Structure formats: structure tokens, C-alpha cells
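Residue numbering for the sequence shown follows my numbering, starting at 1 and increasing by one per position.
Data block below; observations after.
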Amino acid sequence: RYRDLRALFILEGQIRSQLERIKHGFLEIIPISVISRFTTSELHELIKGADAIDTENWRKYTQYLGYSPKDKEIEWFWDVVSALSTEDKRKLFEAVTGAPTPPSSGFIGLDPPFSINYSNRSSKHAPETHTCFNVIDLPKYPTREILEKKLLLLLENSIGFGFITSFLNSTITGVSILFFSKNTSIIPKGIRVICNMSSRSRPSRHL
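Here it is in C-alpha cells:
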């Protein structure tokens with residue numbers, strides 16, 4: 001009995017006031033009358049997003065900037081993405097959007113929409129991403145194999161997400177390593193910051 005009460009106090013009692021404040025703020029945004037319509041698992045999915053990634057739905061709601069859906073590079077891109085494991089699809093989605101999973105409504109609910117942008121950079125480089133705008137810059141790769149190799153390099157060097165999104169061309173040819181950190185003091189000098197907290201403009205500055 002004592003152990004049960006002690007555990008309850010540690011997990012709930014000593015932070016009751018903080019939990020009540022969180023609950024109060026949450027219910028100010030979403031009334032209890034709305035929440036009560038959902039089961040626990042349904043509410044979890046609405047907040048967290050969908051676990052599964054539907055590649056066809058992803059492709060359907062993707063926009064193209066400088067490319068057309070029928071360009072061979074785009075066909076190769078989706079061919080490669082379709083063959084990825086679920087884990088790697090999530091890595092790619094997070095590398096481009098900063099979110100670990102798509103919205104529960106699917107890619108139609110992504111704002112701004114996922115976009116593939118033509119990049120005039122050399123095909124020696126891996127794609128770059130802009131998480132504030134859900135954009136991936138894709139160079140014109142000469143073959144599907146090279147595109148796949150560069151896309152996988154991007155995934156291998158994606159290391160998380162924070163408030164600052166930066167890109168550094170590493171000493172490995174063609175790799176853009178993504179640095180994500182809340183602590184700007186640990187970001188090496190010369191890294192270009194692509195993303196800030198506003199989606200109204202596309203700033204680019206150097207630390």
C-alpha cells in the first residue's frame with residue numbers, strides 16, 4: 001500500500017499543479033467537448049501524426065519547382081523513395097520537414113506542401129533541404145543510381161531537428177550534413193542557416 005501511494009505521489013502528486021496548468025491551457029485551445037469524441041489512440045494519432053507513410057499519397061500532394069512530374073529525375077526520385085524502408089522514409093520526411101511523421105490527415109494536410117525544387121548545383125552534391133518550407137533541392141543527377149546514392153547519403157547524415165537548421169558540405173564529396181541544434185554556440189563557424197522561425201521569407205545568413 002505504501003509503495004503504491006509513494007509511486008502515485010512521485011508520478012502525479014508532486015507535479016499536480018503543473019499538470020493542472022497544462023490541462024487548463026490545453027482545454028482553452030481544444031474544448032473537452034471536442035476531445036471527448038476521440039478515443040485515447042485516436043487523439044494520440046491526431047497529435048503525433050500518422051505512423052505509416054503512404055508513398056502514393058506523398059507523391060500525389062507534392063509540388064514541383066523547376067521540375068515537372070514526368071521528368072526522369074522525378075520518376076527516379078519516387079522510384080527510390082518507394083523502395084526505402086519505413087524507417088528511411090521517415091528519415092527523409094523529417095530531413096525535409098522537421099517533423100517525424102506526416103499529419104494524421106495525410107500529405108494533403110502538410111502546410112506548406114512537400115516540394116521538390118530544381119537545384120543547379122553539381123551532381124557531385126547531395127540534395128539540400130529547407131525544413132521551414134518543406135522543400136528538398138534536387139540536382140539533375142545523370143543516373144538513377146547516382147540519385148539513390150546521394151539521397152541515401154542525405155539520410156545517413158541527418159541527425160535530428162531543433163530550432164536551428166544548418167547545412168555544411170563535409171569533406172566527403174557531395175555530402176550535405178544537417179546540423180540541428182537548440183544551442184547555436186556548438187555550431188561551427190561558416191555554416192549557412194537556411195531556416196528560421198518565420199515562413200514569410202527565406203533568409204540565408206552565416207554564423
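Here a beta-carbon is modelled for each residue, glycine too, at the ideal position from N, C-alpha and C.
Computed from a predicted structure; not experimentally measured.
| Item | Value |
| --- | --- |
| Stretch-stretch touch, CB-based, cutoff 8 angstroms, three pairs: the stretch 88-97 with the stretch 29-48 | no |
| Close Cβ partners of Thr129 (< 6 angstroms) along its chain, the five nearest in sequence each way excluded | Ala95, Val96 and Ile136 |
| Leu154 to Thr143 span [Cα, whole Å] | 17 angstroms |
| Spatial distance of Ile35 from Phe26 (CA atoms) | 10 angstroms |
| Range covered by the beta strand (DSSP E) that runs through Gln14 | Unbroken run through Gln14: none, as it is neither H nor E. |
| Contiguous alpha helix (DSSP H) assignments of at least 4 residues, all confined to the stretch 65-107 | 72-83 and 86-97 |
| Under the three-state DSSP convention, the category Tyr118 falls into | strand |
| Proximity of Ser158 and Leu138 at Cβ, strictly below 7 angstroms | no |
| Distance, Lys124 Cα to Leu152 Cα | 13 angstroms |
| Alpha carbon of Asp54 to alpha carbon of Ser82, nearest angstrom | 9 angstroms |
| Sufficient close CB pairs (3 or more, under 8 angstroms) joining the stretch 102-121 to the stretch 55-62 | yes |
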